[in-house]
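Colleague:
Number of protein chains: 2
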Amino acid sequence: MSADPLSLKFAALADPTRRAILARLCEGEASVNELAEPFDISLPAVSKHLKVLEKAGLISRGRDAQWRPARLEPMALKGVAEWIEHYRRYWDQSFDRLEDYLRKVQKGKDDGERN
Amino acid sequence: MSADPLSLKFAALADPTRRAILARLCEGEASVNELAEPFDISLPAVSKHLKVLEKAGLISRGRDAQWRPARLEPMALKGVAEWIEHYRRYWDQSFDRLEDYLRKVQKGKDDGERN
DNA sequence: TTCCTTGTCAACCGTTCGGTTAAATACGAG
DNA sequence: CTCGTATTTAACCGAACGGTTGACAAGGAA
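Protein chains in written order, with this note's numbering: chain W, 1 to 115; chain C, 1 to 115.
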């Protein structure tokens, strides 16, 4: 039923509104109204986004009177970063191959110019 | 209509089957049948997953007779990695705070033991 | 208590998602 | 041309998504 943590995180990050909320939370805790302000969607919609982020472990929430401040939970992103890091060697390799290719093309061009 | 590239990538990565396909493609190009083999889902389902990955730029596809080999396009992951990297300082910071906390707890415990 | 603000819950709506089966397509082999 | 293999397309289905509106709960202030 409930998806694995990594899938939850990727799915949470797949929405630009939620990514913007995370970016805003880098500046510190914020209430739902503060978080909703930049968007022209309803408050309940923002509330739902926050629930998604919380289930993914990307934020946590406190209570301060009638406010429910949200704060970034950045360790959750570390797991995502580590998953992606496994692929770093492949894109580094791609870059190496691109360099090789460009070197060859340049060489061919020089040869052509010499002929 | 069509989502931004980053959203497409995160959404593509949110499915465990698709992540497994990417992992398999690290070992080299593969046909649809080869990619489908580990899963007990239909071939059209795999074909759809490949289309999602392709639209996200995470793979590209060739043609070899009736085969449509898929290969990893790892540079696409670089963009995702860079987005996440922006948050590294936050989780590094969290880790520092955790270390501080553990140091304090340990100190308190030592004091307690000495009393 | 009453009022106001903050936030969530419930019900609903249209779209997208991940899957299916059945039919169509692309291509090499005989 | 016909057959077989590989893959995609089309149509469909149920569940989840992202949004709405309207009612409700929690808590400080008059």
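No residue lacks a Cβ here, since even glycine has one placed at the ideal position from N, Cα and C.
Quick check on DSSP: helix, strand or coil for residue 64 of chain W?
Modeller: In the structure shown, residue 64 of chain W sits in a strand (DSSP, three-state: E or B).
Colleague: Could you tell me the distance, in whole angstroms, from the CA atom of residue 35 of chain C to the CA atom of residue 60 of chain W?
Modeller: Straight-line Cα distance between these residues: approximately 38 Å.
Colleague: Whose C-alpha, out of C:76, C:15, C:78, C:22, is nearest the C-alpha of residue 3 of chain W?
Modeller: Out of C:76, C:15, C:78, C:22, C:15 has the C-alpha closest to the C-alpha of residue 3 of chain W.
Colleague: Looking only at its own chain, which residues have a Cβ that is under 8 Å from the Cβ of residue 49 of chain W, when we skip the five neighbours before and after it?
Modeller: The residues are 15, 17, 18, 21.
Colleague: Name the chain W residues that come within less than 9 Å of residue 16 of chain C, Cβ to Cβ?
Modeller: Those within 9 Å of residue 16 of chain C in chain W are 3, 4, 6, 7.
Colleague: Excluding sequence positions up to five away, which residues of its chain have a Cβ less than 8 Å from the Cβ of residue 53 of chain C?
Modeller: Around residue 53 of chain C: 12, 18, 21, 22, 59, 70.
Colleague: With residue 63 of chain W and residue 32 of chain W assumed to form a contact (beta carbons below 8 Å), what rounded beta-carbon distance in angstroms separates them?
Modeller: Not a contact, Cβ separation roughly 12 Å.
Colleague: How about residue 10 of chain C: is its C-beta nearer than 9 Å to some C-beta of chain W?
Modeller: With 9 Å as the cut-off, residue 10 of chain C counts as an interface residue toward chain W.
Colleague: Output, in sequence order along the chain, the residues in the segment 35-65 of chain C whose CB is closer than 7 Å to any CB in chain W.
Modeller: Result list empty, no residue passes.
Colleague: Using a Cβ-Cβ cut-off of 9 Å, state whether residue 84 of chain W counts as contacting chain C.
Modeller: So yes, residue 84 of chain W belongs to the interface.
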